[in-house]
Amino acid sequence: MRIALLTRWNATCGVSLHAEMLGQELIKMGNDLIVFAPDKESADRWWHHRIVREDEDFVIRCYNELNPDTMRGGGIDIDRIMSEDFDFMLVESYISIPYRDVEILVRELRRKGRYVGLVVHEGAKEDMGYSSLDIFDFVAVFDERYREMLRGYGGSIRIIPYPCYPVEEGYRDFGSDKIIFFSFGRQPEGEYLDFVHALSELKDGYDLRYVIVRSDGLLNLKGDWIEQKQERIKDTEEVYKYLHQSDIHLLPKGHTNKVVVSSTLCQCLGSLTPIVAPNTKHFEMLPEDGPALLYRDVDDLKRKLRELIEDEDLRERIRRNAIRYVEDNRADKVARMFLDTMNDISLLQYA
């Protein structure tokens, strides 16, 4: 099958990560892939979406995202897309995609007998600009919360989880030189403060270091136990090099009222470096005996970090839970779910 993706690509965001994991697995399964991505100028306007790698030969940059200041503008070179040959298109839908042109494109594709599925990344129905989800052959959501959020919006909804990068364990012995905590990304400074406050108290009892890798400027944090690096991490392999040199991954996330999953969690669980994160909506669908350690406030964070440092059995339990979660949601299994859905829809047209 020749499959097209309309999506962010080679960028630092959860939309791009989802598309890349899915696309790579579809290629491994013998499918041909073509990617229609936003042009680099419009992509770089969004602070959390920067192009970090050179494009592959199958990537065509042919649309503009909405302007982040006005949420207007944007557009798609529809003729360019229609000139390409493919059987099925998956649209990775997100808040700055040019909805009006996507709908025009989808209607034209379906009029020509081609199939179109939607992957929902938006966290609120009000953020989406389609007239109805019935314009798509199917709509994929990550969990039941999204189905509830989209109630009344139409569409044939299928639950297909966000994929996980496969297990790739490192060889570091916990705390072999000192206890290394690690964070990466471009989150606002405030999302790191819980970790800094907790570690500033724990450092008197433990020999520790907090390594923070930032791509867009260092944080205004002081302390000889804090090591900051300004570096643009290009891919998951580079992330895993850092994770395998660390003992605990501190994952900063802010609070939100929208439906959301943590793409960083799904990207990093397979390293088997234990993850500690705030108990926000990003993680509310994790099982109770879960693959990550969640905290309520700074006091709870300090207590749980001490337990994680002192209790080898706790670390092993989190490790086993992470393996189980990753195996259940492995990228190749998720890609197979998409491919089976596409095949089912194709067959239905001839039934």
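Here the working numbering is used: the first residue of the sequence shown is 11, the next is one more, and so on.
Don't be surprised by glycine CBs; every beta carbon is placed ideally from N, CA and C.
Just so you know, these numbers come straight off a predicted model, no measurement behind them.
| Whole-number beta carbon distance between R90 and I70, since they are thought to touch under 8 Å | Within the sequence shown, the letter at position 60 stands for residue 70. Within the sequence shown, the letter at position 80 stands for residue 90. With a Cβ gap of about 7 Å, I70 and R90 count as contacting.
| Along the chain, which unbroken stretches of the beta strand (DSSP E) at least 3 residues long are found entirely within the region 48-79? | 69-74
| Does DSSP put G195 in a helix, a strand or coil? | In the sequence shown, counting from the first residue as 1, residue 195 sits at position 185. Correct three-state label for G195: strand.
| request: Enumerate, from N- to C-terminal direction, the unbroken alpha helix (DSSP H) stretches of 4 or more residues contained entirely within the region 106-191. | output: 109-121 and 154-159
| At a cut of 8 Å, does the region 245-254 reach the region 145-153 through at least three beta carbon pairs? | no
| said: Beta-carbon within less than 6 Å of L260's beta-carbon, same chain only, minus the 5 sequence neighbours each way: which residues are those? | reply: Position 250 of the sequence shown, counting from 1, holds the residue named residue 260. For L260, where only same-chain residues beyond five positions count, the Cβ hits under 6 Å are F191, S193, F205 and V286.
| field | Length of the line joining the Cα atoms of T351 and A341 | value | Working through the sequence shown from its first residue, we reach residue 351 at position 341. Working through the sequence shown from its first residue, we reach residue 341 at position 331. So the alpha carbons of these two residues sit roughly 15 Å apart.
| Alpha carbon of G127 to alpha carbon of L279, nearest angstrom | As a working mapping, residue 127 is identified with position 117 in the sequence shown. As a working mapping, residue 279 is identified with position 269 in the sequence shown. Taking the straight line joining both Cα atoms gives about 28 Å.
| request: Give the straight-line distance between the Cα atoms of A47 and C174, rounded to the nearest whole angstrom. | output: Here residue 47 refers to the residue found at position 37 of the sequence shown. Here residue 174 refers to the residue found at position 164 of the sequence shown. Each residue's Cα considered, the two are about 22 Å apart.
| message | Whole angstroms are fine: how far does the CA of S225 sit from the CA of D309? | response | Here residue 309 corresponds to residue number 299 of the sequence shown, with the count starting at 1. Here residue 225 corresponds to residue number 215 of the sequence shown, with the count starting at 1. Approximately 30 Å, taken between the alpha carbons.
| query | How is the beta strand (DSSP E) around L303 delimited, first residue to last? | reply | Position 293 of the sequence shown, counted from the start, is the residue given in the question as residue 303. Start and end: L303 to Y305.
| field | CB contact flag (H292, S273, <7 Å) | value | The residue labelled residue 292 in the question sits at position 282 within the sequence shown. The residue labelled residue 273 in the question sits at position 263 within the sequence shown. Contact flag unset, no.
| said: I'd like to check one pair, L229 with E199: are the Cβ atoms closer than 7 Å? | reply: On the sequence shown, position 189 is the one that residue 199 refers to. On the sequence shown, position 219 is the one that residue 229 refers to. Contact flag set, yes.
| request: Would you mind sorting H265 into buried or exposed? The rule is 16 or more other CB atoms within 10 Å of its CB. | output: Position 255 of the sequence shown holds residue 265. Exposed.
| Given A361, which residues of its chain have a CB within under 8 Å of its CB, disregarding the five upstream and five downstream residues? | Along the sequence shown, read from residue 1 onward, the residue named residue 361 stands at position 351. Caution applies to A361, whose pLDDT of 49 falls short of 50 and renders its modelled position unreliable; the model cannot decide the point.
| field | Alpha-carbon spacing of L349 relative to D338, whole angstroms | value | By one-based count along the sequence shown, residue 349 stands at place 339. By one-based count along the sequence shown, residue 338 stands at place 328. Computed Cα separation, rounded: 17 Å.
| said: According to DSSP, simplified to helix, strand and coil, what is G85? | reply: Numbered from its first residue, the sequence shown carries residue 85 at position 75. Strand, per DSSP.
| task | Express the C-alpha separation of E320 and L143 in angstroms, rounding to a whole number. | result | Within the sequence shown, residue 143 is the residue found at index 133, counting from 1. Within the sequence shown, residue 320 is the residue found at index 310, counting from 1. If I take the Cα positions, the gap works out to 50 Å.
| In three-state terms, what does DSSP make of H265? | Taking the first residue of the sequence shown as position 1, residue 265 is located at position 255. Three-state DSSP puts H265 in coil, outside helix and strand.
| Taking C-beta to C-beta, are I328 and D257 nearer than 7 Å? | Along the sequence shown, read from residue 1 onward, the residue named residue 328 stands at position 318. Along the sequence shown, read from residue 1 onward, the residue named residue 257 stands at position 247. Cβ distance not < 7 Å, so I328 and D257 don't count as in contact.
| field | Option in N353, V344 and D354 with minimal Cα separation from V129 | value | Against the sequence shown, residue 129 aligns to sequence position 119. Out of N353, V344 and D354, V344 has the C-alpha closest to the C-alpha of V129.
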